[in-house]
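Note that our numbering has the sequence shown beginning at 1026, numbered continuously upward.
Just below is one structure, and these are the notes that go with it.
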Amino acid sequence: MGFYEAVVRPLAFRLDPEATHDLALRLVSTGALRGKRFAHEILEQELFGVRFANPLGLAAGFDKNGIALDHWANLGFGFVEVGTVTPLEQPGNPKPRLFRLPKHRALVNRLGFNSEGCKLVASRLSFARPGIPVGINVGKNRDTPNDRAANDYLRALRTLSGRADYAVINVSSPNTVGLRELQERQALEDLLSQVSESLPDVKLFVKVSPDLTPSQLTDVVEVAHKRRLTGIIASNTTLQRPGLEGESCPSGGLSGQPLAPLADAVLEELYRSCDRSMTLIGVGGIMNADDLFRKLSLGAHLCQIYTGWVYGGPALVPQLLKRLVARMETEGFRSLCELRGSAVKP
């Protein structure tokens, strides 16, 4: 057990989860919280015209407003996704809205797209020098009805997309009332057609829920191909409680170790269903190097971490990458391309 797990985490976990998160973000933004970088040529790849030094990024939700963009590379991340950013500033849901489940190495959040708004985030992006690729995750404001959601996504993307390497349409958060309805085929078709036609040069992803039925997931894949999206992110948090049956658990989206089987199943099905031109980002339940290896072997081009980093600390990312390389070499994989999808049976 390292210093973080033995000393820092027990102290930090005595504080309110959201207060701890805000403190950690401030420490990263000042450069006070640093780790080590790990580089290896086996981890390098180019996707949709962007070079990635390694495949492990910071998931959306941690640096929602882009206040620490210049420092994530120093913690070993291969890329970072900012957001979810809404067009207008909004406070999100009432507190408390972030909860730890240490026994299960999990978190539950019902933050509700708390955001400083796209203009302020765009200003930060203009001055940032992150040194790694940056994605922008956007959502609609809470008070915007679904039939006008496209206007919100377009407003945010027009303000932000020129300052990022890719953009994500978030229609899968369980914490904004009615948002997940935008994953239904006709609603998604209408939304993505407006966005893709208005912003044809933006590298667009859609982030999906792990709670979709097989037929709903098929609809998402077909719409994504029709609208020529760059990729799909699998997955967001879940409203299910796998492995927590019978336990008292806060309402909201569950992330961390219990999410892994659900997120992995969605990722595997996407790999089976999607054209190989579709970039897949796997997120949900990465706690160690074996989890990272599994995501990649199930078809992910890139992966993201959030809850695992909360539990593992600032030294985690380079540790995972080093162990990933060791396992790839042991099992004879010479590149991420060779590893990708290797666990998916025909």
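C-beta atoms are modelled at their ideal positions from N, C-alpha and C, and glycine is treated no differently.
The structure displayed is predicted, hence computed values, not measured ones.
Quick check: what's the CA-CA separation for residue i versus residue j?
i: LEU1185; j: MET1303; result: 23 Å
i: GLN1070; j: SER1273; result: 43 Å
i: ALA1174; j: ASN1139; result: 17 Å
i: PRO1158; j: PRO1239; result: 32 Å
i: LYS1347; j: ARG1051; result: 27 Å
i: ARG1252; j: ASP1215; result: 10 Å
i: LEU1068; j: ARG1365; result: 12 Å
i: LEU1036; j: GLU1106; result: 28 Å
i: ARG1332; j: ARG1210; result: The sequence as given places Thr at residue 1332; Arg does not occur at that position. The alpha-carbon atoms of THR1332 and ARG1210 are separated by roughly 30 Å.
i: MET1254; j: ALA1031; result: Note that residue 1254 is Leu in the sequence shown here, rather than Met. The straight-line gap from Cα to Cα measures roughly 44 Å.
i: GLY1357; j: GLU1363; result: 9 Å
i: ASP1300; j: MET1353; result: 25 Å
i: LEU1321; j: GLN1329; result: 11 Å
i: ALA1351; j: ASP1315; result: 11 Å
i: ASN1176; j: VAL1193; result: 15 Å
i: ASN1156; j: VAL1246; result: Note that residue 1156 corresponds to Gly in the displayed sequence, not to Asn. Rounded to whole angstroms, GLY1156 to VAL1246 spans 32 Å at the Cα level.
i: LEU1179; j: PRO1343; result: 36 Å
i: LEU1284; j: GLU1293; result: 14 Å
i: LYS1120; j: ALA1249; result: 35 Å
i: VAL1146; j: SER1054; result: 14 Å
Measuring CA to CA, which of the options is closest to residue i?
i: ASP1226; options: ILE1258, TYR1191, ASP1215, GLY1337; result: TYR1191
i: TRP1334; options: VAL1146, SER1360, LEU1083; result: LEU1083
i: HIS1065; options: PRO1080, VAL1202, ALA1057, SER1054; result: PRO1080
i: SER1148; options: ARG1130, ASN1118, ALA1181; result: ALA1181
i: ILE1311; options: PRO1339, ALA1290, LEU1345; result: LEU1345
i: LYS1165; options: ALA1131, PRO1371, VAL1202, LEU1341; result: VAL1202
i: PRO1042; options: GLN1241, ARG1135, VAL1350; result: ARG1135
i: LEU1323; options: VAL1291, LEU1349, GLY1338, THR1332; result: VAL1291
i: ASP1244; options: LEU1224, GLN1265, LEU1217; result: LEU1217
i: GLY1056; options: PRO1035, ARG1167, ASN1099, ARG1188; result: ASN1099
i: LYS1061; options: LEU1048, PHE1073, HIS1096; result: HIS1096
i: GLN1115; options: ASP1168, PHE1028, ALA1044, SER1367; result: ASP1168
i: GLY1160; options: ALA1259, GLY1187, PRO1283; result: GLY1187
i: ARG1039; options: PHE1152, GLY1101, LYS1320, PRO1127; result: PRO1127
i: PRO1286; options: GLY1142, ARG1266, LEU1204; result: ARG1266
i: ARG1122; options: LEU1113, GLY1137, ARG1130; result: GLY1137
i: PRO1371; options: GLY1309, ALA1288, ARG1297; result: ARG1297
i: ALA1044; options: TYR1029, PHE1087, HIS1250, PHE1077; result: PHE1087
i: ILE1092; options: LEU1048, PHE1073, LEU1113; result: LEU1048
i: LEU1237; options: GLY1142, ARG1205, GLY1074; result: ARG1205
i: ARG1130; options: PHE1077, ASN1313, HIS1250; result: ASN1313
i: GLY1281; options: GLY1309, GLU1293, ALA1259, GLU1270; result: GLY1309
i: LYS1089; options: HIS1250, THR1355, LEU1150, GLY1074; result: LEU1150
i: PRO1112; options: LYS1120, VAL1053, ARG1183, GLY1074; result: ARG1183
i: PHE1073; options: ALA1189, PRO1283, GLU1293, ALA1259; result: ALA1189
Can you tell me which residues form a DSSP beta bridge with residue i?
i: CYS1328; result: LEU1081, GLY1307
i: GLY1140; result: Position check: residue 1140 holds Ser in this sequence, whereas Gly was assumed. SER1140 is bridged to GLN1115.
i: ILE1157; result: DSSP, once it has assigned bridges, lists no residue as partnering ILE1157.
i: ASN1134; result: LEU1123, GLY1278
i: GLU1106; result: GLY1160
i: VAL1075; result: LEU1072
i: VAL1193; result: ASN1162, PHE1230
Helix, strand or coil, according to DSSP, for residue i in the structure here?
i: ASN1166; result: coil
i: LEU1113; result: coil
i: ASN1118; result: coil
i: ASN1099; result: helix
i: THR1263; result: strand
i: GLU1232; result: Residue identity differs from the one stated: residue 1232 is Lys in this sequence, not Glu. Strand at LYS1232.
i: ILE1067; result: helix
i: ARG1359; result: coil
i: GLY1256; result: strand
i: MET1312; result: coil
i: GLY1333; result: helix
i: ASP1244; result: helix
i: ASN1171; result: helix
i: PRO1199; result: coil
i: PHE1152; result: helix
i: ARG1301; result: coil
i: GLY1187; result: helix
i: ASN1090; result: coil
With a Cβ-Cβ cutoff of 8 Å, do residue i and residue j count as a contact?
i: LEU1207; j: ASN1171; result: yes
i: LEU1317; j: LEU1349; result: yes
i: GLY1103; j: ALA1085; result: no
i: LEU1224; j: ILE1257; result: no
i: GLY1325; j: LEU1305; result: One detail in the question is off: residue 1325 reads as Ala in this sequence, not Gly. For ALA1325 and LEU1305, yes; Cβs fall inside 8 Å.
i: ASN1195; j: LYS1232; result: yes
i: LEU1242; j: THR1263; result: no
i: LEU1229; j: VAL1220; result: yes
i: PHE1124; j: PRO1235; result: no
i: GLY1338; j: VAL1033; result: yes
i: ASN1261; j: SER1360; result: no
i: VAL1110; j: GLY1277; result: no
i: ALA1368; j: ARG1319; result: yes
i: ALA1153; j: LEU1094; result: yes
i: GLY1101; j: PHE1063; result: yes
Just to check, is the beta-carbon of residue i closer than 7 Å to a non-hydrogen atom of the ligand FAD?
i: PRO1235; result: The ligand FAD is absent from the structure shown, which contains no ligands of any kind.
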